[in-house]
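> My questions will all concern the structure given below.
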Amino acid sequence: QKEVEQDPGPLSVPEGAIVSLNCTYSNSAFQYFMWYRQYSRKGPELLMYTYSSGNKEDGRFTAQVDKSSKYISLFIRDSQPSDSATYLCAMSYNSGGYQKVTFGIGTKLQVIP
Amino acid sequence: NAGVMQNPRHLVRRRGQEARLRCSPMKGHSHVYWYRQLPEEGLKFMVYLQKENIIDESGMPKERFSAEFPKEGPSILRIQQVVRGDSAAYFCASSPPLVAYNEQFFGPGTRLTVL
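Protein chains in written order, with my numbering: chain C, 11 to 123; chain X, -14 to 100.
Right, dumping it as structure tokens:
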């Protein structure tokens, strides 16, 4: 079993739709939970991070963490064609004094105009 | 403030040759991470370095791969005697001196093709 499971998609939605992206994990030591966005042929860029369980909102993006279920989500409201990218969940735990990060495989999202 | 820089962006090698990938971290960042990305596997951790020290190399293949981050100059990921299976995108990330949360900033990657 992988430490972090993420459906690779692809996921196609019409412009304006609400998008829900999810990851599950098995390592209860994970402390920080992150979402990265990666455009084709580019490096990942951080969208949001949360510490422990709860919700965090930033504009059209909302991140949710449920540690009891080992489940995290990213919601995108009013999706735009410019949101078309691969979204990677990532999680970290303290390993010998630093936060070691593990990534999901990424979900490819396409927003159709 | 320039971001993380990687060069070359594209590298073609024949089997058996050596590949050298370079990474210059963001200004003020003293921690460098290398990842390999394959379409079917996602982004996989390889090694974490600080200046002149390898902190965690648990993701590095035991043979042919090495990494360094000298006191002066960029971090180097070296792959000796490349094989077709080494073809992948290699990403470098950097972070500032550690705080509670480890935010990593990624470079644009080097795409290695082994013929």
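Cβ coordinates follow ideal geometry from the N, Cα and C atoms, glycine included. Only a predicted model underlies this, so the values are computations on that prediction, with no experimental measurement involved.
At the level of alpha carbons, what is the spacing between X:Asn38 and X:Arg21?
Numbered from 1 along the second sequence, position 53 holds the residue referred to as residue 38 of chain X. Numbered from 1 along the second sequence, position 36 holds the residue referred to as residue 21 of chain X. X:Asn38 and X:Arg21: Cα-Cα distance of roughly 20 Å.
> On the DSSP bridge assignment, give the partners of C:Asp93 in chain order.
As a first step, residue 93 of chain C is located in the first sequence; it is residue number 83 there, counting from the start. Answer by DSSP bridge pairing: none, since C:Asp93 is not bridged.
> Can you pull out the residues from the stretch 34 to 49 of chain X whose beta carbon lies closer than 8 Å to at least one beta carbon of chain C?
Identification of residues in the stretch 34 to 49 of chain X having a C-beta nearer than 8 Å to some C-beta of chain C yields Ile40 and Asp41, given in sequence order.
> Please identify the residue among X:Ala73, X:Ser43 and X:Pro59 whose C-alpha is closest to the C-alpha of X:Met31.
Position 46 of the second sequence, counting from 1, holds the residue named residue 31 of chain X. Nearest option by C-alpha distance: X:Ser43.
> For a test of the three-state rule: what should DSSP assign to C:Gly53, helix, strand or coil?
Locating residue 53 of chain C in the first sequence gives position 43, counting from the first residue. Correct three-state label for C:Gly53: coil.
> Going by alpha carbons, who is nearest to C:Asn37 out of C:Gly107, C:Pro18 and C:Ser102?
Here residue 37 of chain C refers to the residue found at position 27 of the first sequence. Of C:Gly107, C:Pro18 and C:Ser102, the residue nearest in Cα terms is C:Ser102.
> Would C:Lys80 and C:Tyr49 be called neighbours here (beta carbons separated by less than 7 Å)?
In the first sequence, the residue the question calls residue 80 of chain C occupies position 70. In the first sequence, the residue the question calls residue 49 of chain C occupies position 39. No, these two residues do not count as a Cβ contact at 7 Å.
> When the cut-off is 7 Å and only beta carbons count, does X:Asn(-8) lie next to chain C?
Here residue -8 of chain X refers to the residue found at position 7 when the second sequence is read from its first residue. It does not; no Cβ of chain C falls within 7 Å.
> In whole angstroms, what separates the C-alpha of C:Gly26 from that of C:Phe113?
Translated into positions along the first sequence, residue 26 of chain C becomes position 16. Translated into positions along the first sequence, residue 113 of chain C becomes position 103. Whole-angstrom Cα-Cα distance: 28 Å.
> By the criterion of Cβ-Cβ separation under 8 Å, what are the contact partners of C:Gly114 in chain X?
In the first sequence, counting from the first residue as 1, residue 114 of chain C sits at position 104. Within chain X, the residues near C:Gly114 are Gly27.
> To the nearest angstrom, report how far apart C:Pro24 and C:Asp76 are at their CA atoms.
Residue 24 of chain C sits at position 14 when you count from the first residue of the first sequence. Residue 76 of chain C sits at position 66 when you count from the first residue of the first sequence. Rounded to the nearest angstrom, the two C-alpha atoms are 28 Å apart.
> Verify the CB distance criterion: does X:Gly58 have a CB-CB separation below 7 Å to chain C?
Working through the second sequence from its first residue, we reach residue 58 of chain X at position 73. For X:Gly58, the answer is no, since every Cβ of chain C falls outside 7 Å of its Cβ.
> For C:Ala27, which beta-bridge partners are listed by DSSP?
Position 17 of the first sequence, counting from 1, holds the residue named residue 27 of chain C. According to DSSP, which records beta bridges pairwise, C:Ala27 is partnered with nothing at all.
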